[in-house]
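Reading through the structure tokens given below for one structure.
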Amino acid sequence: MDYQKELVVVSQKLIPDFEFNQQTISDKNGFVKSISPYLSHLLDSDFQKLVQIMYRIDVSEKEFALTLQAGNENIAEKLAELIYNRLCLKAKIRAKYKAK
Numbered sequence: 732m733d734y735q736k737e738l739v740v741v742s743q744k745l746i747p748d749f750e751f752n753q754q755t756i757s758d759k760n761g762f763v764k765s766i767s768p769y770l771s772h773l774l775d776s777d778f779q780k781l782v783q784i785m786y787r788i789d790v791s792e793k794e795f796a797l798t799l800q801a802g803n804e805n806i807a808e809k810l811a812e813l814i815y816n817r818l819c820l821k822a823k824i825r826a827k828y829k830a831k
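This note's numbering puts the first residue of the sequence shown at 732, with every later residue one more than the last.
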């Protein structure tokens, strides 16, 4: 994937409190596994910060609300998947336009 470097840059910019590197972002499962504990912590202790991060990343408000309403143990993992999908889209777009 040619947008991986851009994915790290975008991720670090939009979630500055979490340390990203090429290994944690190498695939969706690695990303979800690495960031889920951080998201779980935010869910428990700083929900407002989580909302700000989701807004900054531009995750769909509807998808965010539906994920929170699901009410199962995997909320942090589901949020991580939403974040990963959105960050990948942003990184692909940036990589595409940087190449031009």
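Yeah, the Cβ is synthetic: ideal placement off N, Cα and C, and Gly gets one too.
Give me the Cα-Cα distance between residue i and residue j, rounded to the nearest whole angstrom.
i	j	result
Lys736	Asp775	31 Å
Glu804	Ser771	10 Å
Val741	Lys793	23 Å
Asp821	Ile814	For the sequence presented, residue 821 should be read as Lys rather than Asp. So the alpha carbons of these two residues sit roughly 11 Å apart.
Val739	Asp789	17 Å
Met785	Lys827	23 Å
Ser765	Ile746	13 Å
Ile824	Asn752	20 Å
Answer with buried or exposed for residue i, where buried requires no fewer than 16 other C-beta atoms within 10 angstroms of its C-beta.
i	result
Ser791	exposed
Lys726	An answer regarding residue 726 cannot be provided, because it is not within the stretch 732 to 831 covered by the chain.
Tyr734	buried
Leu781	buried
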